[in-house]
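Visitor:
Number of protein chains: 2
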Amino acid sequence: MSQLPTVVDVGRVAGVSRQTVSNVLNSPGLVKPATRERVEAAIAQLGYRPHASARRLRTQKSSTLGIRLDPMQNGISGAVLDRFLHALTEKADQRGLRVMLFTALDPEDEIRQFKRLRDGADVDAFVLTATFHGDPRTEWLIENNVPFVTFGRPWGIDDMNDPRHLWVDVDGWSGLHEATGHLLGEGRLRIAYLGWPRPSGTGDDRRRGWRDAMESDGRLSAAELDALDLSTVDGVAQGREALQALLDSGTPVDAVVCASDSLALGALLAVGADIPVIGYDNTPVAEAVGLSSVEQPLDEVAAGALELLLGPTGGEIVGWSSSSTDPRHRLVTPHLVMRERSAITGVR
Amino acid sequence: MSQLPTVVDVGRVAGVSRQTVSNVLNSPGLVKPATRERVEAAIAQLGYRPHASARRLRTQKSSTLGIRLDPMQNGISGAVLDRFLHALTEKADQRGLRVMLFTALDPEDEIRQFKRLRDGADVDAFVLTATFHGDPRTEWLIENNVPFVTFGRPWGIDDMNDPRHLWVDVDGWSGLHEATGHLLGEGRLRIAYLGWPRPSGTGDDRRRGWRDAMESDGRLSAAELDALDLSTVDGVAQGREALQALLDSGTPVDAVVCASDSLALGALLAVGADIPVIGYDNTPVAEAVGLSSVEQPLDEVAAGALELLLGPTGGEIVGWSSSSTDPRHRLVTPHLVMRERSAITGVR
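These protein sequences, in sequence, are chains A and B. Going by our numbering, the first sequence opens with residue -5, and the numbers climb by one from there. Going by our numbering, the second sequence opens with residue -5, and the numbers climb by one from there.
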C-alpha cells in the first residue's frame, strides 16, 4: 500500500503544497486554472487516484448539497426556482461543492429522503424551498442535527430569528413598496393591488408593501384601499377576470401592482395600454411582452444561502451548530425593472 | 463486526426478502410504500446503517447520473432544458437513481469534471445536452469507456447509428412538417418559415420539415419558397424585424411557422391577428399569450434516455458496452398544440 502515490507525492511533482492538491481535489473553484492544470498533470503522471468514496468514508464529507426538485409546474412563475437552482449550482461549484437532486411525493417522503441521503453520507447539507407553516421538514432536520438552509422565511413561526433555522429570503414587502412608490411618484393615485387569497406568507408580505406605501401617501381612505385590494388564485385568466370585475364595478383605477407576472399579464389584458401594470419575478414572459416587474436577485439568494451554511469562503459545512454569532438569516432586496411595454401594445 | 445488523437481519424482522431490503435501499421507487415503511421500521429498530460510501467502494456504483447545468440563460426557450431536468430527475428517482449537477466553463472543463466525477466514483453515467459538431466530450467518454447518453443527435457525424453513442432526440422535422401540413389543410398557401441561420443541426432539421411539406403541396415554386425562407438569430425583436422586412418587401404571407416561440412571438407582433403563427417548444410564454406551438414531450425524452442507459427496468447502468442488439437511439415525435390566440388579440 505504501507504494501507491499520495497527495504529498502529487504536491512534490507539481511544486505545490499538500493543501493545494487537496483544494484541486475538493474545491477546484478555489485554485487558479494554471495551478490546477499543473496538479492535474502530476495526478495523471503518477497515476494518483483520489477515491471520493474512500475519502467520504474517512471524513464523512461528501461536498454535496441536496435539494428536492419537483415535477415541472407549468406556468409563468415556476421558473423562479429553476433560476435559483442554476444560481445555486454555479455558486456551489465555485466552492467545490456539488448539488444532488432528488424528488419526493410530500413532506413525509422528503424526510425519508433526508434520512436516506444523510445515512448514506451522500449529502452534507440540504437546501429547502417552499417552506410553509408548521413545516415538519425543518423540525426533523433541527432535531436530527442535519445542516440546512431554506430559501424562504419560516412563516408563522414565533421565532423567525431561531439561530438553528438558517434562511435567506427576498424582501417582497420592499419590492411592492418600491413599485407602488414609483407609480405614486409618476402621479398615479388609485393603485390597485392584485394578489393571492389570504393567508399566504409571501402574498401577504407583498400586499403589506403596497398597503404601507398607499397609507404613507395618505390620500385614499381605508375603505378606498379595501376596494382596490384584489385577491385571486394565480393565473393569467384569473388576473384578467379579477381586474375586469373591478373595472365593471365602476371603481376607477390608475395603475396595478401584482404579486406575480401571471396576474400582471392578466391585469394588463384587462386594463389596456394606458394604465401601467407592474408584475413580480421578472420572468421571461415579462421580458417578452414588455411588462414592468420586480426582479428577485437569485444570485444573491444563492450566495447568501451558501454563506450561511459555509461561512464567507471555503467549502466546509458549518451549519447552525456553529458557535458563530453572525446573523443566521439574510433578507435580500429585490429591484424594480421598468419597461415601456412596447412589445404587446404594438399588436395591430 | 459480525455483531452489526445486516441486510438479512433487516429482511427477517420486516418479513421480506434480502432483495426487497436492497430495493428499499437502492431503488425505493420499485417498492410498494407499505412494504417500504415496514422495511424502514426494521432498519430503525435494528439500527442498521446502509453506508452508501462503503457500498460504493465495494460495488463501484453510485446510483447517480451526472449532468451539467449552465448559468441560467435569460430568454423564452431556455426553459426546455430545465423541463428536461425535472423530467429526468423524476424518471431517475423512479429507478432509485439520483441526479448530480455540476457546472463547466467550456467543453474541455466539462471533460475535466467528467474525469473527477468518474475517478471519485461519484457518478455512474453522464447525460449530455447541447451536443455539437466534432464534440470532444462524447469522444472522450467513448475512449474512456464511460457510459453516457445525449439529449440531441450527434449532428454532422458520419455514423449517427454508432452503437457507442446513445442518443435521444425530438423529431423537429416531424414537428414542422405537421405544423405546416395543418396550416395547408386550413387553406393557407403562402406559409413562411422563420428560423435560425445555417448551419444549425436542429434548425436545419426543422426548416426541412417545413420545406418538405410545402414541396409535397407543390403549389409554390422553389423561388417562391426561397423568398418565404427567413433566417435570423433567436429573439422576439429579431423575429419581429425579419417578418416586418418580408412584409415591407411586398411578399404576401398567409401564415408563419417558426423554429422557436421567441421568433414566433416576434412574428406575431409583426403580422397581427389575422395571420396564424406557430412557434416551437410550447413554452409558458406561448401558453400565456395564446400562441400555437409544437410541444417536445420531455417526459418521453427522459424516459428514453434512461431506457437506453439502463434497459427497460431497473437501476443498473448498462451503457453502450452492452452486447444488446436493441436500438441504441430514440427519436421522439413532438405534437402540435393549437391555440386561438385569445389572450394577446384581446388587448384593447
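Even for Gly, the Cβ is constructed at its ideal location relative to N, Cα and C. For clarity, every value in this text was computed on a predicted model and none was experimentally measured.
Give a yes or no on whether 9 Å exceeds the smallest Cβ distance from residue -5 (chain B) to chain A.
Guide: For the purposes of this step, residue -5 (chain B) is taken as residue 1 along the second sequence, with counting starting at 1. Because the pLDDT of residue -5 (chain B) is 31, which lies under 50, any placement of that residue in the model is unreliable, and the number read from its coordinates should be weighed accordingly. For residue -5 (chain B), the answer is no, since every Cβ of chain A falls outside 9 Å of its Cβ.
Visitor: Tell me residue 187 (chain B)'s beta-bridge partners as DSSP assigns them.
Guide: Your numbering for residue 187 (chain B) matches position 193 in the second sequence. Bridge partners of residue 187 (chain B): B:223, B:251.
Visitor: Rounded to the nearest angstrom, what separates residue 268 (chain A) and residue 248 (chain A) at their Cα positions?
Guide: Counting from 1 along the first sequence, the entry for residue 268 (chain A) is found at position 274. Counting from 1 along the first sequence, the entry for residue 248 (chain A) is found at position 254. The straight-line gap from Cα to Cα measures roughly 9 Å.
Visitor: If the criterion is Cβ atoms closer than 9 Å, does the pair residue 105 (chain A) and residue 149 (chain A) meet it?
Guide: Translated into positions along the first sequence, residue 105 (chain A) becomes position 111. Translated into positions along the first sequence, residue 149 (chain A) becomes position 155. No, Cβ-Cβ distance for residue 105 (chain A) and residue 149 (chain A) is not below 9 Å.
Visitor: If residue 264 (chain A) sits next to residue 241 (chain A), beta carbons under 8 Å apart, how far is it from one beta carbon to the other, in whole angstroms?
Guide: Residue mapping note: residue 264 (chain A) aligns to position 270 of the first sequence, counting from 1. Residue mapping note: residue 241 (chain A) aligns to position 247 of the first sequence, counting from 1. With 8 Å as the limit, residue 264 (chain A) and residue 241 (chain A) qualify as a contact, their Cβ atoms being about 7 Å apart.
Visitor: Helix, strand or coil for residue 208 (chain A)? Go by DSSP, reduced to three states.
Guide: Counting from one through the first sequence, the residue named residue 208 (chain A) turns up at place 214. Reduced to three states, the DSSP call for residue 208 (chain A) is helix.
Visitor: Assess, as a yes-or-no matter, whether the segment 152 to 171 of chain B is touched by the segment 287 to 295 of chain B under the definition of 3 or more beta carbon pairs within less than 8 Å.
Guide: Contact holds: three or more Cβ-Cβ distances are below 8 Å.
Visitor: How would you write the range of the beta strand (DSSP E) that residue 363 (chain A) sits in, first residue to last?
Guide: This structure does not reach residue 363 (chain A), given that chain A is present from -5 up to 342, and the question cannot be answered.
Visitor: In the DSSP assignment, find the unbroken alpha helix (DSSP H) run with residue 168 (chain A) in it and report its ends.
Guide: By one-based count along the first sequence, residue 168 (chain A) stands at place 174. Per DSSP, residue 168 (chain A) belongs to the alpha helix (DSSP H) from 166 to 179.
Visitor: Just checking: is the beta-carbon of residue 316 (chain A) within a distance shorter than 9 Å of some beta-carbon in chain B?
Guide: Position 322 of the first sequence, counted from the start, is the residue given in the question as residue 316 (chain A). With a pLDDT of only 43 at residue 316 (chain A), under 50, the local geometry of the prediction cannot be trusted, and the value read off the model is given with reservation. No - not a single Cβ of chain B is within 9 Å of the one on residue 316 (chain A).
Visitor: So which residues on chain A does residue 95 (chain B) lean against when the C-beta distance must stay under 7 Å?
Guide: For the purposes of this step, residue 95 (chain B) is identified with residue 101 of the second sequence, where counting begins at 1. 83, 92, 93, 95, listed in chain order.
Visitor: Spell out whether any CB of chain E is found under 9 Å from the CB atom of residue 87 (chain A).
Guide: Absence of chain E from the displayed structure is noted, the protein chains being A and B.
Visitor: If the cut is a Cβ gap below 9 Å, which residues of chain B does residue 328 (chain A) touch?
Guide: Position 334 of the first sequence holds residue 328 (chain A). Here the premise fails: no neighbours, minimum Cβ distance about 16 Å.
Visitor: From residue 188 (chain A) to residue 163 (chain A), what distance separates their C-alpha atoms?
Guide: The residue labelled residue 188 (chain A) in the question sits at position 194 within the first sequence. The residue labelled residue 163 (chain A) in the question sits at position 169 within the first sequence. Straight-line Cα distance between these residues: approximately 21 Å.
Visitor: Check each residue of the segment 112 to 136 of chain B: if its Cβ is closer than 7 Å to any Cβ of chain A, include it; give the result in chain order.
Guide: Within the segment 112 to 136 of chain B, the qualifying residues are 113, 114, 115, 116.
Visitor: Do you know whose CA, among B:210, B:204, B:214, B:99, lies nearest residue 224 (chain B)'s CA?
Guide: The residue given as residue 224 (chain B) occupies position 230 in the second sequence. Checking every option, the nearest Cα to that of residue 224 (chain B) belongs to B:204.
Visitor: Do residue 323 (chain A) and residue 59 (chain A) come within 9 Å of each other at the CB atom, strictly closer than that value?
Guide: Walking along the first sequence from the start, residue 59 (chain A) turns up at place 65. Walking along the first sequence from the start, residue 323 (chain A) turns up at place 329. Not closer than 9 Å, so no.
Visitor: Could you tell me whether the Cβ atoms of residue 373 (chain A) and residue 92 (chain A) are closer together than 9 Å?
Guide: Because chain A in this structure spans residues -5 to 342, residue 373 (chain A) falls outside the shown range and cannot be described.
Visitor: Between which residues of its own chain and residue 2 (chain B) is the CB-CB distance below 6 Å, once the five residues before and five after are set aside?
Guide: Translated into positions along the second sequence, residue 2 (chain B) becomes position 8. Excluding residues within five positions, the ones whose Cβ falls inside 6 Å are 12.
Visitor: Measure the CB-CB distance between residue 216 (chain B) and residue 234 (chain B) and report whether it falls below 9 Å.
Guide: Here the question's residue 216 (chain B) lines up with position 222 in the second sequence. Here the question's residue 234 (chain B) lines up with position 240 in the second sequence. No, they are not a contact pair.
Visitor: Let me know if residue 26 (chain A) comes out buried or exposed under the rule of 16 or more other beta-carbons within 10 Å of its beta-carbon.
Guide: The residue labelled residue 26 (chain A) in the question sits at position 32 within the first sequence. With fewer than 16 other Cβ atoms within 10 Å, it is exposed.
Visitor: Starting from residue 65 (chain A), find everything on chain B with Cβ-Cβ shorter than 7 Å and list it in chain order.
Guide: On the first sequence, residue 65 (chain A) is found 71 positions in, with the first residue counted as 1. Here the neighbours are 80, 84.
Visitor: Do residue 221 (chain A) and residue 245 (chain A) have their beta-carbon atoms positioned less than 9 Å apart in this structure?
Guide: Working through the first sequence from its first residue, we reach residue 245 (chain A) at position 251. Working through the first sequence from its first residue, we reach residue 221 (chain A) at position 227. In contact: residue 245 (chain A) and residue 221 (chain A) (Cβ atoms closer than 9 Å).
Visitor: Can you find a C-beta in chain B that's less than 9 Å from the C-beta of residue 300 (chain A)?
Guide: Taking the first residue of the first sequence as position 1, residue 300 (chain A) is located at position 306. For residue 300 (chain A), the answer is no, since every Cβ of chain B falls outside 9 Å of its Cβ.
Visitor: Please report how far the alpha carbon of residue 228 (chain B) lies from the alpha carbon of residue 38 (chain A), in whole angstroms.
Guide: Against the second sequence, residue 228 (chain B) aligns to sequence position 234. Against the first sequence, residue 38 (chain A) aligns to sequence position 44. Rounded to the nearest angstrom, the two C-alpha atoms are 42 Å apart.
Visitor: Report the neighbours of residue 25 (chain B) on chain A: residues whose CB is nearer than 7 Å to its CB, in chain order.
Guide: Residue mapping note: residue 25 (chain B) aligns to position 31 of the second sequence, counting from 1. Here the premise fails: no neighbours, minimum Cβ distance about 12 Å.
Visitor: Taking residue 24 (chain B) as the reference, give the member of B:35, B:113, B:78, B:86 with the closest Cα.
Guide: Counting from 1 along the second sequence, the entry for residue 24 (chain B) is found at position 30. Selected option, being the one with the closest Cα: B:86.
Visitor: Quick one, which of A:61, A:96, A:65, A:89 has its alpha-carbon nearest residue 79 (chain A)'s?
Guide: Position 85 of the first sequence, counted from the start, is the residue given in the question as residue 79 (chain A). With distances taken between Cα atoms, residue 79 (chain A) lies closest to A:61.
Visitor: Going straight from the alpha carbon of residue 318 (chain B) to that of residue 301 (chain B), what length do you get?
Guide: Position 324 of the second sequence, counting from 1, holds the residue named residue 318 (chain B). Position 307 of the second sequence, counting from 1, holds the residue named residue 301 (chain B). For residue 318 (chain B), the predicted model reports a pLDDT of 47, less than 50, meaning its position is unreliable; a value from the coordinates is still stated below. Near 12 Å, if we compare the C-alpha coordinates of residue 301 (chain B) and residue 318 (chain B).
Visitor: Within 9 Å of any Cβ in chain B, is that where the Cβ of residue 286 (chain A) sits?
Guide: Taking the first residue of the first sequence as 1, we reach residue 286 (chain A) at position 292. Answer no: the Cβ-Cβ gap between residue 286 (chain A) and chain B never drops below 9 Å.
Visitor: If we count the other Cβ atoms within 10 Å of its Cβ and call it buried at 16 or more, is residue 14 (chain B) buried or exposed?
Guide: Residue numbering aside, residue 14 (chain B) sits at position 20 when the second sequence is read from its first letter. Buried: at least 16 other Cβ atoms inside 10 Å.
Visitor: With residue 60 (chain B) as the anchor, note down where its beta strand (DSSP E) starts and where it stops.
Guide: In the second sequence, the residue the question calls residue 60 (chain B) occupies position 66. Counting along the chain, the beta strand (DSSP E) containing residue 60 (chain B) begins and ends at 58 to 62.
Visitor: Could you tell me which residues DSSP pairs with residue 231 (chain A) in its beta bridges?
Guide: Residue mapping note: residue 231 (chain A) aligns to position 237 of the first sequence, counting from 1. Bridge partners of residue 231 (chain A): none, in fact.
Visitor: Can you check whether the C-beta of residue 16 (chain B) is within less than 9 Å of a C-beta belonging to chain A?
Guide: Locating residue 16 (chain B) in the second sequence gives position 22, where the first residue counts as 1. It does not: the Cβ of residue 16 (chain B) has no partner Cβ on chain A nearer than 9 Å.
Visitor: Residues of the segment 256 to 267 of chain B in Cβ contact with chain A at a cutoff of 9 Å, in chain order, please.
Guide: Cβ contacts with chain A: 256, 259, 260, 262, 263, 264, 265, 266, 267.
Visitor: Would a check of beta-carbon distances place residue 282 (chain B) closer than 9 Å to chain A?
Guide: If you number the second sequence from 1, residue 282 (chain B) lands on position 288. Taking Cβ atoms only, chain A reaches closer than 9 Å to residue 282 (chain B), which makes this a yes.
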